[in-house]
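Worksheet for the structure shown next.
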Amino acid sequence: MKVTLEHYLVVGAILFSLGLYTAITRRNAIGILLGVELVLNAAALNFIAFDHYVAESHGPAGQVFALFIVALAASGAVVALAICLEVVRSHRGLAVDDLARLSR
Amino acid sequence: MPDFHGPIQHVTLAGTLWLMLCCPLAASLVCARWALASGSGRAATREAIAIVSIGAMALALAVSAYHGWVLGSLPESERFLLQHVWRLVRFGQLDASFDLALDPLSSTMTLVATGMGLPIFVFAASTMKDRGSPAAYARFFAWLNALVFATLLLVLADNFLLLLFGWEGVGLCSWGLVAFAWTDGASVSVGRRAFVVGRVSDALLVLGIALFYWVFGGGWAEGDYVPDLNARFSSVEVQEPGADSDDDAMAKAKDATSRAAVAEPADRDDEDAESARLPALKGDGLLTLTSYPGATVFMDDARTPMKGPDGQWLRSPFARLPVRAGYHSFRIHAGGGLDDFLVTHVAFGEGREIALSSFGPTVTFREARDQLALRDAHGVATARDSLLAKRGFGSVGLVTVASLLLFFGAAGKSAQIPLHVWLPDTTAAPAPASALLQTATAAIAGVYLVARLGFFFALSPAACTVVALVGAATALSAAVAALYQYDIMRILAYSTVSQLGMAMLAVGASGHAAGVFQLVAQACCKTCLILSAAALVHALPLAAQGEALARDVRRMGGLGRLLPGTARAYAVGCLAMTAAPIPGLVGFWSTNALLVRAFSARTLFVPGALLGGVALVVTALTSFYTWRTYYLAFDGESRGTLDGVREAEGAVPRVLAVLVGLCALAGVLGVSSRLLGRGGDSLLEEWLAPSLRGSESPSAAGGALREWGVVVAAYACAVGGFLLARAHYSGRQREDQWEARERRAPLFAAGRHGFWADAVYANALVALFVRTRDFAAEFDRHVIDGIVHATGILTRALAWLVGRVDDDVVDGAVRALSHGTVRVGERVRSAQTGRVQTYVYVIVLGILALALLQYWLR
Chain A
0 MKVTLEHYLV VGAILFSLGL YTAITRRNAI GILLGVELVL NAAALNFIAF DHYVAESHGP
60 AGQVFALFIV ALAASGAVVA LAICLEVVRS HRGLAVDDLA RLSR
Chain B
0 MPDFHGPIQH VTLAGTLWLM LCCPLAASLV CARWALASGS GRAATREAIA IVSIGAMALA
60 LAVSAYHGWV LGSLPESERF LLQHVWRLVR FGQLDASFDL ALDPLSSTMT LVATGMGLPI
120 FVFAASTMKD RGSPAAYARF FAWLNALVFA TLLLVLADNF LLLLFGWEGV GLCSWGLVAF
180 AWTDGASVSV GRRAFVVGRV SDALLVLGIA LFYWVFGGGW AEGDYVPDLN ARFSSVEVQE
240 PGADSDDDAM AKAKDATSRA AVAEPADRDD EDAESARLPA LKGDGLLTLT SYPGATVFMD
300 DARTPMKGPD GQWLRSPFAR LPVRAGYHSF RIHAGGGLDD FLVTHVAFGE GREIALSSFG
360 PTVTFREARD QLALRDAHGV ATARDSLLAK RGFGSVGLVT VASLLLFFGA AGKSAQIPLH
420 VWLPDTTAAP APASALLQTA TAAIAGVYLV ARLGFFFALS PAACTVVALV GAATALSAAV
480 AALYQYDIMR ILAYSTVSQL GMAMLAVGAS GHAAGVFQLV AQACCKTCLI LSAAALVHAL
540 PLAAQGEALA RDVRRMGGLG RLLPGTARAY AVGCLAMTAA PIPGLVGFWS TNALLVRAFS
600 ARTLFVPGAL LGGVALVVTA LTSFYTWRTY YLAFDGESRG TLDGVREAEG AVPRVLAVLV
660 GLCALAGVLG VSSRLLGRGG DSLLEEWLAP SLRGSESPSA AGGALREWGV VVAAYACAVG
720 GFLLARAHYS GRQREDQWEA RERRAPLFAA GRHGFWADAV YANALVALFV RTRDFAAEFD
780 RHVIDGIVHA TGILTRALAW LVGRVDDDVV DGAVRALSHG TVRVGERVRS AQTGRVQTYV
840 YVIVLGILAL ALLQYWLR
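Residue numbers (numbering that gives the first Met the number 0), protein chains in the order written: chain A, 0 to 103; chain B, 0 to 857.
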């Protein structure tokens, strides 16, 4: 069986959907963060796939984007985890429902 | 352009007339300086003030007499001294210079002013000594000198503008003297009134002058001023007066070949052809130019102006310059931005005097009179005819309007109804000032002006009639008023008004010489009377308590025994004034001349007999009231304490003696010249004739019988008045209740109050003025203030409106914006739920929506 672009895209879509589902359904901030990471990885996977199958002759633009996304996700995770630590310290928990009142 | 001929005024140039003005002016300034310096220790003594003033006046009298003598030594037609001092104003067609002119009329006036001024000054120096401070003394003499200066300026003026300066000066000095006692409210108030009355007449005079000036240069047609006579020059052949009977004039005109033009000279050919026809001329002619002082003349295309005998450039005015025979043309360079005037083809020959005379609007008396007398080559008096033809205000002759304005201007100074009220007020002034005002200065100015303008008034019989009627009314009413006064000075003042009315009557009846004679006579006797009355009042012990008490004839009586000298002087004054049967005194002659004139007057509508009758009645009344004062004051029982009443010593009796002498001497003026083998007019009339040329109507052919009838009637009236006064008031026959009897006399109330002139003024004019003022105040309060208030209210309303707009609309908009922003913010904030999942939903849905949108739009 030859692995085609569609396969990658399906895996990416599954990853994206799982990430989205996780981000929507988790009440824990860390869980949401994990979902978001999945969504980002799905996008990075699509970039790699398109780079490989569609835009190979145009240089490694997709791969660069993927690396950027990795860096972005890492730095986002750092900030998010720092916030999480702070939230844990102040709220004794990481339930995002409890944080809703920050908007008032 | 016709060439003119006629009897224009010969002019003799004089260089010293200004001295006459300088003396009183200098004395006035010096005295004023001393009056101002009174507090500073540099004040002069009374003696110094008196010496300066009297010296100046004596000098002025001497100069005046000298010029009178110069004038008399000239041939009759040349009796006109002219001195150009400086150029005053020259713009457009108006040319007026500071020119002094002395002709027999003004010479008479200067002699009256200075001749009466000198004794009055001496009297004042002596009697004012013990009144007031040296400063007041200096101030008094400063005003007196200024008054004489202004009067001399007035009578010496050659034109209206200069006359106006003198005229206003006299008005100012009248105020200064009447209100001399400036700490006394009543005196200040009457002084102010004299000034205001003067201003009213001055305004009329100025209007008259303006009309006089305009009417010479044009007229009004359909409401617009149409100039028809521009200033220009013409050559005029000077003729002796009287030589212009029409036939003669025609013959001469045919003979005369000179021709004048202001326009460009005609073509050369034309000129040659004409000059070929001209007869040859022999001998030197004479050239005269008096217009546009300072102008130079270029003769016959010369490059340089004509030169006089002294080698200098000739400047106007010059007279009788020899010019060689032949035809000459002249270019007159007046300067001052005016175009040169051109006069061509002027023929000079043996014994012909040619004047380059200006035509058109003028303010100079002499030029105006000359213009009216001139006739052109056809014997037509162009200027005169065109002047008479000018109409305005419908069909009233402009000459009449101008004459009437000038007359009512003059009436203010000569105290004619209705502007006479100021003269009785002059009694508030110290007696010498009052005498000077009444006899020698202010009061004579009006009659002088009318006499001076006789040639102009003669053109308008209607104006002459008004003059005569106003004079008659004034004479009669003032004489009645004088009957019932108790203040001796007021009696004399009303008498002055009455006498001035008589003079005006004579002037209106074209008897200018008689009118002037009346002035001279009145000056002599009234000065004598006022000064002796002043001496009398001064001598009374009551004078210490108050002038008004001392002047009351009811408190006098029997003073003749105590003050015989004064009584004699007063009696002579009375005799002289009342046309007394002593022919040596002046009043006899003047009254007779006046009566003859009045009876033979030819005025419109008013018969001469009426004017003559009024004059006779006034003569009788004059005699009555004059003798009444004499008898009340000097005859009968003494009243009150008369201890210490003593004849004044020193200068006063001498002054009175001199005045008595003058009263007698002036009578000489009335002597018929027939005694000297001449015409038969009185000496004064003969002397004044050159000044009054063109103004006298030919004396009526009444004949000797009529004259004698008038003389007898006047005599009878005077004697009748005297006898009546004697019967009522002389010491032996006076009733005790004479005051009560007077009160029952007819017209007592009217006469006592001067025909309520003051009341009429107070109730009519002043009340009108006050009412107008009140109306103006009400108007101001209600209308003007209302407008102001309304504006204020309106402004406030507007401000409120603007405030509301600012508060509600502008601020409202801002507030609404902020509120809206806040509310939108509130709304939008509710989207911020704070639930992360919600955000994710929204993001996902948004992306889906965008994707769908993109899908559909593709």
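Here a beta-carbon is modelled for each residue, glycine too, at the ideal position from N, C-alpha and C.
Chain A within 8 Å of residue i, Cβ atoms only
| i | result |
| --- | --- |
| Gly-845(B) | no |
| Leu-849(B) | no |
| Tyr-840(B) | yes |
Counted within 10 angstroms of its Cβ, other Cβ atoms place residue i as buried (16 or more) or exposed
| i | result |
| --- | --- |
| Glu-263(B) | Confidence in Glu-263(B) is poor, its pLDDT being 37 and thus under 50, which makes the residue's placement too unreliable to answer from. |
| Val-98(B) | According to the sequence provided, residue 98(B) is Asp. The question's Val does not apply to it. Asp-98(B) is buried by the Cβ-count criterion. |
| Ala-252(B) | Low confidence applies to Ala-252(B): its pLDDT is 42, below 50, so where it sits in the model is not reliable, and the reading given next is rough at best. Looking at its Cβ environment, which holds 16 or more other Cβ atoms inside 10 Å, Ala-252(B) is buried. |
| Val-62(B) | buried |
| Trp-85(B) | exposed |
| Ser-315(B) | buried |
| Val-841(B) | exposed |
| Asn-144(B) | buried |
| Tyr-629(B) | buried |
| Val-563(B) | Contrary to the premise, residue 563(B) reads as Pro rather than Val in this sequence. Exposed, because fewer than 16 other Cβ atoms sit within 10 Å of the Cβ of Pro-563(B). |
| Ala-70(A) | exposed |
| Asp-254(B) | Annotation note: pLDDT 44 at Asp-254(B) (below 50); position unreliable, coordinate value reported separately. Exposed. |
| His-818(B) | exposed |
| Leu-687(B) | buried |
Residue i - containing alpha helix (DSSP H), residue span
| i | result |
| --- | --- |
| Pro-563(B) | 563-576 |
| Thr-21(A) | 4-24 |
| Phe-747(B) | 747-751 |
| Leu-528(B) | 511-538 |
| Pro-23(B) | 16-35 |
| Asp-9(B) | According to the sequence as given, residue 9(B) is His; it is not Asp. Neither: His-9(B) is in no alpha helix (DSSP H) and is coded neither H nor E. |
| His-66(B) | 45-72 |
| His-4(B) | It is not in any alpha helix (DSSP H) - His-4(B) instead sits in the beta strand (DSSP E) that spans 3-5. |
| Thr-495(B) | 487-507 |
Chain-ordered neighbours of residue i on chain A, where CB pairs are closer than 9 Å
| i | result |
| --- | --- |
| Arg-834(B) | Val-95, Asp-96, Leu-98, Ala-99 and Ser-102 |
CB contact check: residue i to chain B, cutoff 8 Å
| i | result |
| --- | --- |
| Ile-31(A) | yes |
| Ala-22(A) | yes |
Delimiting residues of the beta strand (DSSP E) encompassing residue i
| i | result |
| --- | --- |
| Ser-96(B) | 93-101 |
| Trp-85(B) | 80-90 |
| Gly-318(B) | For the sequence presented, residue 318(B) should be read as Ala rather than Gly. First-last of the beta strand (DSSP E) with Ala-318(B): 317-322. |
| Phe-297(B) | 295-298 |
| Asp-223(B) | 223-226 |
| Phe-232(B) | 231-237 |
| Leu-800(B) | First-last for Leu-800(B): 784-803, but that is the alpha helix (DSSP H), not the beta strand (DSSP E). |
Closer than 7 Å at the beta carbon, the chain B residues around residue i
| i | result |
| --- | --- |
| Leu-19(A) | Val-843 |
Heavy atom of the ligand FAD within 7 Å of residue i beta-carbon
| i | result |
| --- | --- |
| Gln-92(B) | Only the bare structure without any ligand can be found here, which leaves the ligand FAD out of the picture. |
Problem set entry | Any beta strand (DSSP E) of 3 or more consecutive residues that is wholly inside the stretch 393-458 of chain B | none
For this session: Please list the segments of the beta strand (DSSP E) lying wholly inside the stretch 156-216 of chain B, counting only runs of 3 or more residues, in order along the chain.
Result: none
For this session: Would you list, in sequence order, the uninterrupted alpha helix (DSSP H) runs of no fewer than 4 residues that lie entirely inside the stretch 684-739 of chain B?
Result: 702-728
Problem set entry | Every unbroken alpha helix (DSSP H) within the stretch 818-851 of chain B, with a cutoff of 4 residues, ordered by chain | none
For this session: Mind listing, in chain order, the continuous alpha helix (DSSP H) runs of no fewer than 4 residues lying wholly within the stretch 60-88 of chain A?
Result: none
Exercise. Which parts of the stretch 330-388 of chain B are runs of the beta strand (DSSP E), unbroken and 3 residues or longer, counting only runs that do not cross its ends?
Worked result: 340-347 and 352-358
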